[in-house]
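Note that the numbering used here has the sequence shown beginning at 7, numbered continuously upward.
Just so it is clear, CB atoms sit at the ideal spot from N, CA and C, and this is done for glycine as well.
In this text the structure is predicted, and so the values were computed from the model without any measurement.
Notes follow the structure.
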Amino acid sequence: MEFLGDISFLLALIVTAAGLGLVYFSKKEKSCWLSTSAWVLVVGGFLTGACIFSYMVHYRNQGDFDRASFFPMMSGKGMMDECGMMGGSENKKESSKDDDQGAAVDHASHH
């Protein structure tokens, strides 16, 4: 999951850099539309990068980068069950944490 954040942040940097290059080119061409679209790219890339950065910090603080699994569904339960959205209760959440620990032990014994 951490690498997806890195890749998306890199794409935001590429969009920002492309926008800055377009700003330079639009000044040479003296084009209003080109300049406007360039600044949209710069501001959009910057805001997207800031959003990605804040979510990466949030996920890191939750400990999501410490797990090896990519999706919660890989552990045998769906995201809806984990959140309690589909009628799951707090007890179900507690048992799913125990299932994760049991899955880690089962996986270690598998190798």
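Thinking just about the alpha-carbon of each residue, which of Y30, S43, S60 and N67 is nearest to the one in S14?
Looking from the CA of S14, the closest CA among Y30, S43, S60 and N67 belongs to S60.
Looking at C-alpha atoms only, which residue of I20, F9, D12 and G11 is the closest neighbour of G51?
I20
Whole angstroms is fine: what's the gap from F71's alpha carbon to T42's?
Taking the straight line joining both Cα atoms gives about 38 Å.
Verify whether the separation of the beta carbon atoms of V46 and T22 is less than 8 Å.
Contact flag unset, no.
Nearest-angstrom Cα distance between K98 and T54?
Summary for K98: the model assigns pLDDT 49, below 50, so the residue's position carries little reliability, and this model does not support an answer.
Tell me which residue opens and which closes the alpha helix (DSSP H) that G69 is part of.
No alpha helix (DSSP H) holds G69; DSSP gives it neither H nor E.
Would you please state the rounded distance, in angstroms, between the beta carbons of A56 and G25? I believe it to be under 8 Å.
Not a contact, Cβ separation roughly 15 Å.
To the nearest angstrom, how far is the alpha carbon of F9 from that of L28?
28 Å
How far does the alpha helix (DSSP H) with K36 in it reach, from first residue to last?
That residue, K36, is in no alpha helix (DSSP H); it is neither H nor E in DSSP.
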